[in-house]
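**Q** Just dropping this structure here.
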Amino acid sequence: MKLTGDANIHYQHQKGNIEDDASWEYAVHLLATAKVNDRMNVNLGLSTDDMSFDDKNSASSGEDHKLYVDHANVEYNAGKNVNILVGRYDYQIGNGMGLQYGDTFDGAQVQFGGDHWSLTGGYGKFKEADPEAPDPSLLDVKTGYVSLDGMWDKFGAGVYYNQFGDTKADAANLDHILGGYAFFKFGEKWNLMGDYQRVSKDKETSADKDGNLWGAKLQYGEAVPEEKGSWDAWVDYVHADKGTYYGSTAGWRDGGYLGYEHGVKGWGVGFDYALAKNVVLAVGQTFGTKNTDGDGTKQKEYTSAELDFFF
Numbered sequence: 001m002k003l004t005g006d007a008n009i010h011y012q013h014q015k016g017n018i019e020d021d022a023s024w025e026y027a028v029h030l031l032a033t034a035k036v037n038d039r040m041n042v043n044l045g046l047s048t049d050d051m052s053f054d055d056k057n058s059a060s061s062g063e064d065h066k067l068y069v070d071h072a073n074v075e076y077n078a079g080k081n082v083n084i085l086v087g088r089y090d091y092q093i094g095n096g097m098g099l100q101y102g103d104t105f106d107g108a109q110v111q112f113g114g115d116h117w118s119l120t121g122g123y124g125k126f127k128e129a130d131p132e133a134p135d136p137s138l139l140d141v142k143t144g145y146v147s148l149d150g151m152w153d154k155f156g157a158g159v160y161y162n163q164f165g166d167t168k169a170d171a172a173n174l175d176h177i178l179g180g181y182a183f184f185k186f187g188e189k190w191n192l193m194g195d196y197q198r199v200s201k202d203k204e205t206s207a208d209k210d211g212n213l214w215g216a217k218l219q220y221g222e223a224v225p226e227e228k229g230s231w232d233a234w235v236d237y238v239h240a241d242k243g244t245y246y247g248s249t250a251g252w253r254d255g256g257y258l259g260y261e262h263g264v265k266g267w268g269v270g271f272d273y274a275l276a277k278n279v280v281l282a283v284g285q286t287f288g289t290k291n292t293d294g295d296g297t298k299q300k301e302y303t304s305a306e307l308d309f310f311f
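Counting along the sequence shown from 1, when you hit position 280 you're at 280 in the UniProt record's numbering, and nothing is skipped either side.
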């Protein structure tokens with residue numbers, strides 16, 4: 001059996017929203033992988049969630065946060081280029097920047113792959129939601145999904161589609177998401193990625209319309225946890241129309257920043273640096289942030305600094 005994991009200490013700040021003790025949080029994740037035979041693995045993961053220094057209850061009460069299972073699945077290689085995954089696993093909407101959702105998911109998926117392509121389809125339900133997310137959020141919403149991805153030496157691209165169809169999705173006024181992404185590598189150090197989603201509502205209203213969620217990122221270098229002294233620097237941009245972001249982003253920005261009530265557009269800049277083997281400092285700062293309601297009101301900027309330990 002193989003045991004891996006990570007721990008982090010995270011500082012974040014957004015004036016009037018995340019300040020003082022609430023700016024500090026920490027988390028630990030453990031993942032055990034057991035090989036059943038040449039074709040099958042079983043995975044079990046535990047997480048503390050993000051535990052805030054602003055928690056008011058005692059550590060033993062479990063009222064603020066609880067240790068929970070974030071992975072419990074079986075992986076099966078059904079033959080050449082065919083893999084099946086059943087249970088609880090990490091799922092990200094699309095294989096781009098992970099703007100919309102990248103968190104715990106209960107379901108099943110099948111993946112077919114070749115040397116330069118993969119076709120993935122699955123069905124299940126989302127098992128996390130941001131604390132700031134409106135009710136109803138994506139929690140327990142069911143979705144069927146499919147993605148087609150291509151990968152070459154200096155270029156990759158993919159398209160993806162999610163269909164939502166249960167009563168919880170209707171309550172969240174969400175019908176489907178169609179998206180696509182591409183990334184380019186040029187020179188020895190430069191990487192450029194773009195990701196776009198069209199979010200379609202179950203029933204459009206004047207206050208809740210179909211909209212776009214997209215982003216782009218330009219990065220120089222790469223911070224590799226195993227290589228002390230490796231680093232990268234980057235700049236990115238996100239644009240979320242009002243009502244298009246549903247929560248639990250896999251990106252570095254806080255969910256509340258991405259604008260549940262007003263939408264948001266803005267820039268970010270940051271770096272990652274391997275201070276020691278398996279110790280990485282990741283820093284990000286937004287700037288030029290405005291809402292997307294039409295009047296372009298300036299929003300509060302967001303700061304993030306995280307120290308990650310991998311083992």
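Glycine included, each C-beta is placed from N, C-alpha and C at the ideal position.
Using the Cα positions of residue 194 and residue 84, report the straight-line distance between them to the nearest angstrom.
**A** The residue labelled residue 194 in the question sits at position 194 within the sequence shown. The residue labelled residue 84 in the question sits at position 84 within the sequence shown. About 28 Å.
**Q** Quick one, are the C-beta atoms of residue 213 and residue 240 less than 7 Å apart?
**A** Residue mapping note: residue 213 aligns to position 213 of the sequence shown, counting from 1. Residue mapping note: residue 240 aligns to position 240 of the sequence shown, counting from 1. Yes, the Cβ-Cβ distance between residue 213 and residue 240 is below 7 Å.
**Q** Return the Cβ separation of residue 243 and residue 208 in integer angstroms, given the expectation that the two are a contact with Cβ distance under 8 Å.
**A** Translated into positions along the sequence shown, residue 243 becomes position 243. Translated into positions along the sequence shown, residue 208 becomes position 208. Residue 243 to residue 208, Cβ: 5 Å. Contact.
**Q** Straight-line CA distance for residue 81 to residue 148?
**A** For the purposes of this step, residue 81 is taken as the residue at position 81 of the sequence shown. For the purposes of this step, residue 148 is taken as the residue at position 148 of the sequence shown. Answer to the nearest angstrom: the Cα atoms are 14 Å apart.
**Q** How about residue 157 and residue 228: do their beta carbons lie closer than 7 Å?
**A** For the purposes of this step, residue 157 is taken as residue 157 along the sequence shown, with counting starting at 1. For the purposes of this step, residue 228 is taken as residue 228 along the sequence shown, with counting starting at 1. No; because the gap between Cβ atoms is not below 7 Å, this pair is not in contact.
**Q** Contact defined as beta carbons within less than 8 Å: I believe residue 302 pairs with residue 286. What is the distance between those atoms, to the nearest angstrom?
**A** In the sequence shown, residue 302 corresponds to position 302, counting from 1. In the sequence shown, residue 286 corresponds to position 286, counting from 1. Correct: roughly 5 Å between the Cβ atoms.
**Q** Residues in the same chain with beta-carbon distance under 8 Å from residue 127, minus the five sequence neighbours each way, listed in chain order, please.
**A** Sequence index remark: in the sequence shown, residue 127 carries index 127 (1-based). So the list reads 88, 103, 104, 105, 106, 139 and 140, once near-sequence residues are dropped.
**Q** Note the first and the last residue of the continuous beta strand (DSSP E) segment covering residue 347.
**A** Any answer about residue 347 is impossible in this case: the structure gives the chain only from 1 up to 311.
**Q** State the CB to CB distance for the pair residue 300 and residue 17, rounded to an integer number of angstroms; the pair is presumed to be in contact (CB under 8 Å).
**A** For the purposes of this step, residue 300 is taken as the residue at position 300 of the sequence shown. For the purposes of this step, residue 17 is taken as the residue at position 17 of the sequence shown. 6 Å between Cβ atoms; contact.
**Q** From 211, 36 and 221, pick the residue whose C-alpha is nearest to that of residue 235; which is it?
**A** Along the sequence shown, read from residue 1 onward, the residue named residue 235 stands at position 235. Here the closest residue by C-alpha is 221.
**Q** Taking only the alpha-carbon atoms, compute the straight-line gap between residue 161 and residue 43 and give it to the nearest angstrom.
**A** What you label residue 161 is simply residue 161 of the sequence shown in a count that begins at 1. What you label residue 43 is simply residue 43 of the sequence shown in a count that begins at 1. Using only the alpha carbons, I get a separation of about 27 Å.
**Q** For the segment 209 to 280, which segments carrying the beta strand (DSSP E) assignment without a break, of at least 3 residues, lie completely within its bounds, in sequence order?
**A** Fully enclosed beta strand (DSSP E) runs of 3 or longer: 211 to 221, 231 to 240 and 264 to 276.
**Q** If I'm right that residue 117 touches residue 96 with Cβ under 8 Å, what's the distance once you round it to whole angstroms?
**A** Counting from 1 along the sequence shown, the entry for residue 117 is found at position 117. Counting from 1 along the sequence shown, the entry for residue 96 is found at position 96. Contact flag wrong, Cβ pair sits at about 16 Å.
**Q** Checking the sheet assignment: what are the DSSP bridge partners for residue 198?
**A** Sequence index remark: in the sequence shown, residue 198 carries index 198 (1-based). Looking at the DSSP assignment, residue 198 forms a beta bridge with 178 and 212.
**Q** Going by alpha carbons, who is nearest to residue 216 out of 230, 224 and 180?
**A** Here residue 216 refers to the residue found at position 216 of the sequence shown. Comparing Cα positions, the closest option is 180.
**Q** Using a Cβ-Cβ cut-off of 8 Å (strictly less than) and excluding sequence neighbours within five positions of residue 170, which residues of its own chain qualify?
**A** As a working note, residue 170 is residue 170 in the sequence shown. 202.
**Q** Rounding to the nearest angstrom, what Cα-Cα distance links residue 49 and residue 153 in this structure?
**A** Taking the sequence shown and counting its residues from 1, one reaches residue 49 at position 49. Taking the sequence shown and counting its residues from 1, one reaches residue 153 at position 153. Going from the Cα of residue 49 to the Cα of residue 153 covers about 36 Å.
**Q** Looking only at its chain, what residues have a beta carbon closer than 6 Å to the beta carbon of residue 35, apart from the 5 residues adjacent to it on each side?
**A** Taking the sequence shown and counting its residues from 1, the one referred to as residue 35 is at position 35. If we look at residue 35 and ignore the five residues flanking it on each side, its Cβ neighbours are 41.
**Q** Out of curiosity, what's the CA-to-CA distance linking residue 76 and residue 32?
**A** For the purposes of this step, residue 76 is taken as residue 76 along the sequence shown, with counting starting at 1. For the purposes of this step, residue 32 is taken as residue 32 along the sequence shown, with counting starting at 1. Those two C-alpha atoms are separated by around 16 Å.
**Q** According to DSSP, simplified to helix, strand and coil, what is residue 154?
**A** Here residue 154 is taken as the residue at index 154 of the sequence shown, counted from 1. Here residue 154 sits in coil by DSSP.
**Q** First and last residue of the beta strand (DSSP E) that includes residue 6?
**A** Here residue 6 is taken as the residue at index 6 of the sequence shown, counted from 1. It spans 2 to 13 - the beta strand (DSSP E) in which residue 6 sits, taken as one unbroken run.
**Q** Do you know offhand how far residue 293's Cα is from residue 135's?
**A** Residue mapping note: residue 293 aligns to position 293 of the sequence shown, counting from 1. Residue mapping note: residue 135 aligns to position 135 of the sequence shown, counting from 1. One C-alpha to the other measures close to 21 Å.
**Q** Helix, strand or coil for residue 168, going by three-state DSSP, please let me know.
**A** Numbered from its first residue, the sequence shown carries residue 168 at position 168. Helix, per DSSP.
**Q** Counting only the same chain and skipping the five closest in sequence on each side, list residues whose C-beta sits under 6 Å from that of residue 91.
**A** Walking along the sequence shown from the start, residue 91 turns up at place 91. Only 105 meet the Cβ criterion.
**Q** Hey, which unbroken runs of the beta strand (DSSP E) at 3 residues or more fall wholly within the segment 37 to 89?
**A** The qualifying runs are 40 to 47 and 68 to 79.
**Q** What residue range is occupied by the uninterrupted beta strand (DSSP E) comprising residue 129?
**A** Along the sequence shown, read from residue 1 onward, the residue named residue 129 stands at position 129. Here residue 129 belongs to no beta strand (DSSP E), and DSSP marks it neither H nor E.
**Q** If we ignore side chains and look at the alpha-carbon of each, how far apart do residue 70 and residue 289 end up?
**A** Working through the sequence shown from its first residue, we reach residue 70 at position 70. Working through the sequence shown from its first residue, we reach residue 289 at position 289. Distance between the alpha carbons of residue 70 and residue 289: 33 Å.
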